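Worksheet: one structure, shown below.
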Amino acid sequence: MNLRGVAAETAAADHLARTGLKIVARNWRCRHGELDIVAREGATLVFVEVRQRATSGFGGAAASINAAKRAKLVAAAQAYLQTLPNVPPCRFDAVCFDGREMVWLKNCIDMD
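In our numbering, each residue carries its 1-based index in the sequence shown increased by 16.
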């Protein structure tokens, strides 16, 4: 990952922590891919994808989370959940950076 990507993930994790989420893991890897951030918001486990684009052209950072990427995220999340003794309520969020603008999209990917 390049330095801008590391900076975006750090900024996203810092923002989530400031708003009350507890960061559980960062850059968790399995054979299906990587989970950028795993956090807890109360009893809910939150899988957070961090996306960055220089500009919002071509749909911006949010549009880059296509069907293939969503499938990889769901598969990685299911692998993560298999490491837990009990499966908590879960959701997928995305923190998107278009240039310097950050947008936090909550519950933006279905696990089904």
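All residues carry an ideal CB built from backbone N, CA and C; glycine is no exception. Keep in mind the model is a prediction, meaning the values are calculated, not measured.
Span separating the alpha-carbon of Arg86 from that of Ile125: Residue mapping note: residue 86 aligns to position 70 of the sequence shown, counting from 1. Residue mapping note: residue 125 aligns to position 109 of the sequence shown, counting from 1. Approximately 7 Å between the Cα atoms of the pair.
So, is Asp30 buried or exposed, given that buried needs 16 or more other C-beta atoms within 10 angstroms? Here the question's residue 30 lines up with position 14 in the sequence shown. Result: exposed.
Buried versus exposed, by CB contacts within 10 Å (16 or more), Leu100: Mapped onto the sequence shown, residue 100 falls at position 84. Result: exposed.
Val64 burial status per 10 Å Cβ neighbour count (16 or more: buried): For the purposes of this step, residue 64 is taken as the residue at position 48 of the sequence shown. Buried: at least 16 other Cβ atoms inside 10 Å.
Just to confirm, is the Cβ distance from Asn123 to Arg107 under 7 Å? Here the question's residue 123 lines up with position 107 in the sequence shown. Here the question's residue 107 lines up with position 91 in the sequence shown. Yes, the pair counts as a contact, with Cβ atoms nearer than the cut-off.
Should Arg67 go down as buried or exposed, given a rule of 16 or more other Cβ atoms within 10 Å for buried? Taking the sequence shown and counting its residues from 1, the one referred to as residue 67 is at position 51. With 16 or more Cβ atoms within 10 Å of its Cβ, Arg67 is classed as buried.
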